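Working notes, beginning with the structure itself.
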Amino acid sequence: MSDALTVPAGDRLEEIAVEIETIQGVALLKIGERLSEARDIFKYDRNEGGFTGWIDARLKFGSSTAYKLIDVFTAFGNESFHKMETLPKSVLYALAAPSTPEPVREEAIRRVEAGQPVDLDLVADLKRQLLDAKQLAKDAKRDEKVQKDLARQAQEDRAKMLRDYEWAKSEVETKAREIERLKQDGVIHVYPAEPKPVAEIKAAPVSPKPGSCLPAMAAIIADGCRRDVAELVAMAREEGLFSLAAELEALVSSEASAA
891 MSDALTVPAG DRLEEIAVEI ETIQGVALLK IGERLSEARD IFKYDRNEGG
941 FTGWIDARLK FGSSTAYKLI DVFTAFGNES FHKMETLPKS VLYALAAPST
991 PEPVREEAIR RVEAGQPVDL DLVADLKRQL LDAKQLAKDA KRDEKVQKDL
1041 ARQAQEDRAK MLRDYEWAKS EVETKAREIE RLKQDGVIHV YPAEPKPVAE
1091 IKAAPVSPKP GSCLPAMAAI IADGCRRDVA ELVAMAREEG LFSLAAELEA
1141 LVSSEASAA
């Protein structure tokens, strides 16, 4: 007998529960609508302690509950509410809360229409998913900005490098033309970039050439020139005049031998 009663009685009990939930949901919506109207009246009338004072004195429930009911009416006071009227009061409060994003409510409605259960855990999970999605979108936007900034900076760096290169190239070409002009005018002379080894120069026989300045330099040296011969030799080598340095050394050596 128990089994016989369980099946039909169970079905009927479920029907009763759904009816009660529906009546309760509709009642919540209707109460929220009336409370919203009362709140609007008290916008310009502060008698009885205002809206919250009137609630405490007349309706005997807290203002927090009243505002939750108003939120339910604000969120679902349209043709969509009949889809949500079977939800528990706590779930309706959570979905209607101003802090709940509209996409969460829309997803909850979609699930109710599909016959899927909607509870507080699901509402919290939907909020978390939306928050994660927003954070991902924010991160992606930030990364995109960083990439754009890096690309712009790289482009600016390339442009600067190109300008610097063109400037350096122009400077080099100008200097090259100036050097060539001085060479043609005989102002400067070009010497081998790699002089012969010192040992090879020293071993080569040296004799003053016709018109050489060596005799005059020797006279200066003999007269007690203030500049030391070694300094002259060093200066000659520094200027790349290795042959002259060798001639000076040979001259000093010959003068020393003659003395």
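The working numbering puts the first residue of the sequence shown at 891, with every later residue one more than the last.
No residue lacks a Cβ here, since even glycine has one placed at the ideal position from N, Cα and C.
In this text the structure is predicted, and so the values were computed from the model without any measurement.
| Query | Result |
| --- | --- |
| Can you find at least 3 beta carbon pairs, one from the segment 957–966 and one from the segment 917–928, that sit closer than 8 Å? | yes |
| For residue 908, is the classification buried or exposed, using 16 other Cβ atoms within 10 angstroms of its Cβ as the cut-off for buried? | exposed |
| Give the DSSP-derived three-state secondary structure of residue 974 in the structure shown. | coil |
| State the DSSP-derived secondary structure class of residue 934, mapped to helix, strand or coil. | coil |
| Decide if residue 1168 is buried, meaning its Cβ has at least 16 other Cβ atoms within 10 Å, or exposed. | Shown here, the chain extends from 891 to 1149; a query on residue 1168 therefore has no answer. |
| Does DSSP put residue 963 in a helix, a strand or coil? | helix |
| Tell me where the alpha helix (DSSP H) around residue 993 begins and ends. | 992–1003 |
| Out of 1015, 949, 1049, state which residue places its alpha-carbon closest to the alpha-carbon of residue 981. | 1015 |
| With a cut-off of 8 Å on the beta carbons, I'd call residue 986 and residue 966 a contact; round off their distance for me. | 7 Å |
| Using a threshold of 9 Å, state whether the C-beta atoms of residue 1013 and residue 1023 are closer than that. | no |
| Which residues in the same chain have their Cβ closer than 6 Å to the Cβ of residue 926, if we skip the five residues on either side of it in sequence? | 960, 963 |
| Since I believe residue 973 is in contact with residue 1003 (beta carbons under 8 Å), could you give me their beta-carbon distance rounded to a whole number of angstroms? | 6 Å |
| Which residues mark the beginning and the end of the alpha helix (DSSP H) in which residue 951 is found? | It is not in any alpha helix (DSSP H) - residue 951 carries neither H nor E in the DSSP assignment. |
| Taking only the alpha-carbon atoms, compute the straight-line gap between residue 1131 and residue 1125 and give it to the nearest angstrom. | 8 Å |
| On the criterion of 16 or more Cβ atoms from any shown chain inside 10 Å, does residue 1046 qualify as buried, or is it exposed? | exposed |
| If you count every other CB in all the chains shown that lies within 10 Å of the CB of residue 904, and 16 or more means buried, which is it? | exposed |
| Return the CA-CA distance between residue 1007 and residue 942, expressed in angstroms with no decimal places. | 35 Å |
| Below 8 Å on the Cβ atoms is my guess for residue 1185 versus residue 1017; work out the distance and round it to an integer in Å. | Nothing about residue 1185 can be read from this structure; the chain reaches only from 891 to 1149. |
| Taking Cβ positions, are residue 994 and residue 1020 nearer each other than 9 Å? | yes |
| Using alpha carbons as the reference points, say which of 929, 922, 1052 lies closest to residue 968. | 922 |
| If you draw a straight line from the C-alpha of residue 910 to the C-alpha of residue 931, how long is it? | 31 Å |
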